[in-house]
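The sequence shown begins at 0 in numbering that gives the first Met the number 0 and counts up by one.
Just so it is clear, CB atoms sit at the ideal spot from N, CA and C, and this is done for glycine as well.
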Amino acid sequence: MPGTTTLERITELRDRIDYHNHRYYVLDAPEISDSQYDDLIRELRRIEAEHPELVTPDSPTQRVGAEPLEGFTQAEHPVPLLSLGNAFDDEEFFAWHARVSGLLEESQFDMVCELKLDGLAVALTYEDGLLTRGATRGNGVVGEDVTSNMRTIRSIPLRVPAAAPSRFEVRGEVIFPKSAFEAFNEQRIADGLPPYAHPRNTAAGSVRQLDPRMTAERPLDIFVYTLGYAEPMEFDTHWQSIEALSRLGFKINPHSRLVRTPDEALDYCRTWVEGWEDLDYGCDGVVVKVNRFDYQRHLGVVGREPRWAIAYKFPATQATTQLRKIKVNVGRTGSINPYAVLEPVNINGVTVRQATLHNADYIATKDLRIGDWVVVERAGEVIPQVVSSVVSKRTGDERPFEMPKACPSCVEPVVRAEGEAAHICVNVACPAQLVRLLEHFVSKGAMDIEGLGIKQTTVLLEKGLIRQVADLYTLNKEDLLELERFGETSVANLLSAIEASKERPFSRVLVAVGIQHVGGEVAELLARHFPNIDALMNASQEDLEAVQSIGPKIAEAVVAYFANESNRAVIEKLREVGVTMESEQAEETVEQVLDGLRFVVTGRLERFSRSEITGRIKDLGGAVSGSVSKKTDYLVAGEDAGSKLADAEKLGVTVITEDGFLDLVASRSGES
Ligand code: IVH
């Protein structure tokens with residue numbers, strides 16, 4: 000047994016090292032020299048080597064300890080990580096402010112302005128003072144467990160003072176500082192290695208290294224911008240929680256400001272529209288958040304975007320060039336999509352030759368004419384956009400654009416449904432649509448079938464071997480061998496790739512069939528919630544909206560997809576040939592303890608947002624309606640409940656509080 004003095008010395012060294020670590024990495028204000036710091040570390044290492052039984056995971060010597068992993072495990076987020084709605088100009092920001100004011104019935108409310116950092120979002124969990132988990136955002140509901148890698152980031156505390164809540168989660172953005180990135184690349188070049196292109200992508204790649212020692216070599220940093228949850232939760236405002244996090248040792252961005260009026264918020268935004276390039280890290284906008292937590296809860300979340308926050312995006316980089324032609328292509332859902340063929344122009348180091356024009360309305364509203372000089376914008380990785388035409392440069396030779404009357408692929412009529420922006424090729428068997436859909440179906444994020452490029456699929460369609468995507472699975476060797484472009488080996492490889500694709504998980508199948516708005520993230524959410532294709536096909540708009548993070552737009556697209564006969568036929572055929580139609584890991588089915596009960600929710604709630612409580616009721620088998628009637632079983636009433644409360648009292652409907660609701664759920668779970 001070591002004497003108490005050894006333990007005391009170890010504790011003292013750890014405290015001092017943690018203190019200086021915080022001064023150096025978080026506050027950027029060191030008090031001792033690097034060599035003095037190294038001496039402390041060296042002494043601690045020596046004692047720990049002599050007394051391995053005294054090594055604890057929160058010791059500053061244990062940042063890079065773990066062995067390389069085989070792969071990352073999934074990390075569920077108890078509270079989902081949300082996205083942000085955008086405001087692209089002052090007007091949109093004012094509109095957001097006005098909407099929030101209306102909902103809060105308050106003309107003035109405090110807001111916090113923060114930089115929108117361009118890095119990788121992570122969530123860090125602390126339990127009883129120790130960092131116990133670091134996870135990437137992933138799809139917002141499930142990410143990857145990257146704890147060992149998070150431990151290597153020096154500005155992330157491994158332990159926090161006793162004053163911290165016993166269990167809490169902070170969220171922040173991992174960044175690769177620009178200066179460090181340049182130095183890192185110089186070293187790589189000196190070592191004969193290729194330099195990396197982009198600090199954000201490199202930061203993201205570093206966080207997802209299986210070997211924490213690799214991560215440790217990258218000088219990553221973090222700014223914490225939110226308290227995900229805390230038990231106990233003792234803050235009333237975002238600002239308070241951020242100040243408390245700073246006191247607990249977290250690195251908070253020093254540029255955050257508390258403001259009161261939309262003009263003050265916009266002043267902040269304007270400062271950074273110019274100023275962000277001088278920062279040592281990527282920043283692509285400003286996030287404005289409603290400060291009071293009770294207001295945040297009242298405002299709630301729509302889909303995945305909280306109504307209580309908005310991202311004010313910095314204007315993208317623009318250039319002027321000539322619009323030479325307007326062409327159209329056919330999308331996989333039959334939409335006829337116009338696009339601009341431009342005189343090539345360099346924007347921020349990228350040559351732009353084409354830009355999307357969305358639809359006929361877009362062209363008409365902006366009065367874009369063939370031959371016009373136009374302003375083109377490239378924002379981040381997004382497809383270039385045509386912003387406006389430069390009318391003063393017109394010569395009179397410019398020609399307006401007309402939508403083709405016939406599909407450029409199948410020559411069937413092009414129509415425009417009432418109230419829809421898109422012109423559509425009516426022919427469900429249109430080869431151009433099918434080529435697009437096939438291209439999407441076989442792509443990496445979908446069924447991942449190699450060996451089917453555009454040229455091959457075009458041949459298959461022309462020969463009539465494929466009339467819908469599921470026909471891929473009934474292709475045979477003899478037919479294929481007769482075609483141009485298909486030899487013995489390529490046919491064998493293709494058929495085995497097709498066979499192997501039957502094993503792709505259900506979520507990938509959902510991506511592959513091409514439901515509007517259903518990409519990888521959404522498909523995973525659906526696959527987690529619905530155990531199999533039948534459950535999903537039979538889901539109503541309401542059932543879908545009850546899934547966390549699924550909003551009305553997505554729900555509508557899913558319902559519309561399955562309402563279509565030919566889509567159902569595709570699904571049936573895919574099922575017949577043995578493509579996966581069941582989730583591997585559907586959420587355990589929750590006991591339907593509220594089965595048969597009808598609820599109405601009113602007033603301002605403290606514990607739940609409106610969408611959370613309705614989601615919860617539906618998950619438990621209950622129904623939610625908008626107004627109180629004799630059929631209503633319970634009215635859940637929060638503060639400031641108005642006419643619905645009166646209605647309930649008149650009709651003798653039981654009125655309960657949020658806590659009453661939780662008690663009800665608990666007692667009914669107990670019963671069964
Ligand atoms: S708050 C309100 N604050 O932006 C919920 N996010 O589009 C959103 N981000 O995934 C999180 N800086 O990676 C918040 N100061 C900031 C941020 C920030 C960057 C990123 C974050 C998130 C994305 C949301």
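- Within the same chain, Cβ atoms closer than 6 Å to the Cβ of S506 are found at A522, E523 and A526, the five residues on either side in sequence being excluded.
- Here the alpha carbon of L192 sits roughly 31 Å from the alpha carbon of I40.
- Sixteen is the threshold: since fewer than 16 other Cβ atoms of the shown chains lie within 10 Å of the Cβ of P253, the residue is exposed.
- G284 sits in a strand when the DSSP states are folded into three classes.
- Of the candidates F607, T613 and V390, T613 places its Cα closest to the Cα of F598.
- Counting along the chain, the unbroken beta strand (DSSP E) around M110 starts and ends at M110 to L116.
- Taking 8 Å as the cut-off, one finds no heavy atom of the ligand IVH near enough to the beta carbon of Y18.
- Relative to the ligand IVH, the nearest heavy atom lies less than 8 Å away from the CB of L114.
- By the criterion of a C-beta distance shorter than 7 Å, S154 is surrounded in its chain by Y24, V25, D220, I221 and K250, once the five residues flanking it on both sides are discounted.
- As computed with DSSP, G395 is found in no beta bridge at all.
- Bridge partners of S387 according to DSSP: V374.
- By the neighbour-count criterion, in which 16 or more other beta carbons inside 10 Å mark a residue as buried, S334 falls on the buried side.
- Here the alpha carbon of H19 sits roughly 7 Å from the alpha carbon of E30.
- Around the beta carbon of P176, 16 or more other beta carbons lie within 10 angstroms, which makes this residue buried.
- When C-alpha distances from A339 are compared across T355, K454, G637 and T350, the shortest belongs to T355.
- Judged by the Cβ position, S82 qualifies as a neighbour of the ligand IVH at the 8 Å threshold, a heavy atom of the ligand being closer than this.
- Judged by the Cβ position, D117 qualifies as a neighbour of the ligand IVH at the 8 Å threshold, a heavy atom of the ligand being closer than this.
- For S334, the enclosing beta strand (DSSP E) has its first and last residue at S334 to I346.
- Around the beta carbon of P51, fewer than 16 other beta carbons sit within 10 angstroms, so the residue counts as exposed.
- The continuous alpha helix (DSSP H) containing C268 extends over residues P261 to G274.
- For the ligand IVH, no non-hydrogen atom lies closer than 8 Å to the CB of Y338.
- In chain order, V78 and E168 place their CB closer than 6 Å to the CB of Y228, counting only its own chain and leaving out the 5 sequence neighbours on each side.
- The Cβ atoms of G452 and A496 lie no closer than 9 Å to each other.
- At least 9 Å separates the beta-carbon of A491 from that of K501.
- Taking a contact to require three or more Cβ pairs closer than 8 Å, the region 239-249 and the region 158-168 qualify as touching.
- In the three-state reduction of the DSSP assignment, A163 falls in the coil class.
- If the five residues before and after A203 are omitted, its C-beta is found closer than 6 Å to the C-beta atoms of L119, all from its own chain and listed in chain order.
- By alpha-carbon distance to D262, the top candidate from H516, A97, G651 and S642 is A97.
- When DSSP states are grouped into helix, strand and coil, A28 belongs to the coil group.
- Around the C-beta of V389, fewer than 16 other C-beta atoms lie within 10 Å, and the residue is accordingly described as exposed.
- In the structure shown, the three-state DSSP call for V635 is strand.
- Of the residues assessed, T653 falls on the exposed side of the cut-off, its CB having fewer than 16 other CB atoms within 10 angstroms.
- By the criterion of a C-beta distance shorter than 6 Å, S240 is surrounded in its chain by L226 and F234, once the five residues flanking it on both sides are discounted.
- A straight-line Cα-Cα distance of about 17 Å links R217 and E66.
- Following the DSSP letters along the chain, one finds Q455 inside the alpha helix (DSSP H) bounded by residues I453 to E461.
- In the DSSP assignment, R574 falls within the alpha helix (DSSP H) that extends over E564 to V576.
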